Amino acid sequence: MTARVLGVLNVTPDSFSDGGLHDTVEAAVAHGTALAAAGADIVDVGGESTRPGADRVPETEELRRTLPVVRALADRGIAVGIDTMRAPVAEAALAAGAVLVNDVSGGLADPRMAALVAATDAGWVLTHWRGPSATMDDRAVYDDVVAEVRAELLDRVDVAVAAGVRPDRIVLDPGFGFAKRAHHDVALLAGLHTLVATGFPVLAGTSRKRFVGSLTGRSVAVDRDAGTLATVVLAVQQGVWGVRVHAVAPARDAIRVVAAVCAQDAVAGGCGRCVPKVRAW
Ligand code: PMM
9 MTARVLGVLN
19 VTPDSFSDGG
29 LHDTVEAAVA
39 HGTALAAAGA
49 DIVDVGGEST
59 RPGADRVPET
69 EELRRTLPVV
79 RALADRGIAV
89 GIDTMRAPVA
99 EAALAAGAVL
109 VNDVSGGLAD
119 PRMAALVAAT
129 DAGWVLTHWR
139 GPSATMDDRA
149 VYDDVVAEVR
159 AELLDRVDVA
169 VAAGVRPDRI
179 VLDPGFGFAK
189 RAHHDVALLA
199 GLHTLVATGF
209 PVLAGTSRKR
219 FVGSLTGRSV
229 AVDRDAGTLA
239 TVVLAVQQGV
249 WGVRVHAVAP
259 ARDAIRVVAA
269 VCAQDAVAGG
279 CGRCVPKVRA
289 W
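Read in order, the letters of the sequence shown are residues 9 to 289 in the working numbering.
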């Protein structure tokens, strides 16, 4: 199987690239269905913006935004992830049919998350995070960003496993843009293979992020899909398990092309890394 594609479905008024586009249940379900039809393996539903500087939304509001959408998509047979830092939201979404908890705080924002995931069959994306969006830019200080992100993520794995989470449920994500400056994101993208070498499935969430904007001069997030595609190719070549993107169809095509070329390369004794060997649920 080639790298998975997670399609982004933000049911928020203020996400940086698709905020306000899907803020009725009908619009969100229609978009989620379209993402699945375009080739998303998982539709990742989020009800709280994590853009830099964003404030938290109340839990009741996050539940109101996400739950009907999760339920409707799951009822249609679509694999759904819940993008949340809150255990009660994850719990409700799993009960409504979600199969994956995508926690951009890596379990740090809500200490109840590990026990919740341990009690279920769900996968858990642990993302590298150093604090809430409102203040994260102040924490973007590293000597060696690749080594530090890897070490901090493995600390989160230890906490998860100690709480009873099965290691084969865990996916690691370096958290592009979360307490990172553009040059940190570039270094992390170049060094993704270091994270892949841990043996855990790795997810790359580069889509339309600020560093793509600064590399391309594109200040408008939706204009960053071509730049994003380059990041998808670079990530997949390094053996990531999946990519989280807004524009699903082009990413799916790019992955097919990279996988075909890498398969040739493997025959010739070359990389062959782009077909992930690890399985996650
Ligand atoms: N980025 C955003 C939201 N959720 N989840 C994971 N696992 N990794 C990410 O990099 C990530 C995420 C940022 O906002 P967006 O939903 O508007 O892309």
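For each residue, glycine too, the CB sits at the ideal point set by N, CA and C. Predicted, not measured: the structure shown is a model, and the values here were computed from it.
Status (buried if at least 16 other CB within 10 Å, exposed otherwise) for residue i
i	result
Glu56	buried
Ser113	buried
Ala205	exposed
His191	exposed
Asp129	exposed
Gly207	exposed
Ser141	buried
Val265	exposed
Gly278	Interpretation of Gly278 is limited by its pLDDT of 46, a score under 50 that renders its predicted location unreliable; the figure taken from the coordinates is listed afterwards. Exposed, by the Cβ-count rule.
Gln272	exposed
Ala45	exposed
Met121	buried
Glu34	exposed
Glu99	buried
Per DSSP, cross-strand counterpart(s) of residue i
i	result
Ala212	Val251
Leu161	In DSSP, Leu161 forms no bridge with anything.
Val167	The partner list for Val167 (beta bridge, DSSP) is empty, contrary to what the question assumes.
Val13	Val251
Ile178	Trp132
heavy atom of the ligand PMM below 7 Å from residue i C-beta
i	result
Asp91	yes
Gly213	yes
Thr236	no
Ala73	The amino acid at residue 73 is misidentified as Ala; the sequence shows Arg. Incorrect: Arg73 has no Cβ contact closer than 7 Å to the ligand PMM.
Arg252	yes
Phe184	yes
Gly221	no
Val78	no
Gly131	no
Gly28	no
Arg59	yes
Gly40	no
Gly114	no
Thr239	no
Gly15	no
Asp118	no
Asp145	no
Asp49	no
Asp181	yes
Gly299	Outside the shown range of the chain (9 to 289) lies residue 299, about which nothing can therefore be said.
Gly139	no
> Fully enclosed by the region 185 to 230, which alpha helix (DSSP H) runs are 4 residues long or longer?
Replying inline: List check, alpha helix (DSSP H) in window: 190 to 198, 200 to 204 and 218 to 224.
> What are the uninterrupted segments assigned as beta strand (DSSP E) that are 3 or more residues long and contained completely in the region 77 to 150, given in chain order?
Replying inline: The region 77 to 150 is shown to contain whole beta strand (DSSP E) runs of 3 or more residues at 88 to 91, 108 to 111 and 131 to 135, in chain order.
>> Extract the residue ranges of the beta strand (DSSP E) inside the region 28 to 78, only unbroken runs of 3 or more that lie entirely within it.
In response: Complete beta strand (DSSP E) runs here, min 3: 50 to 54.
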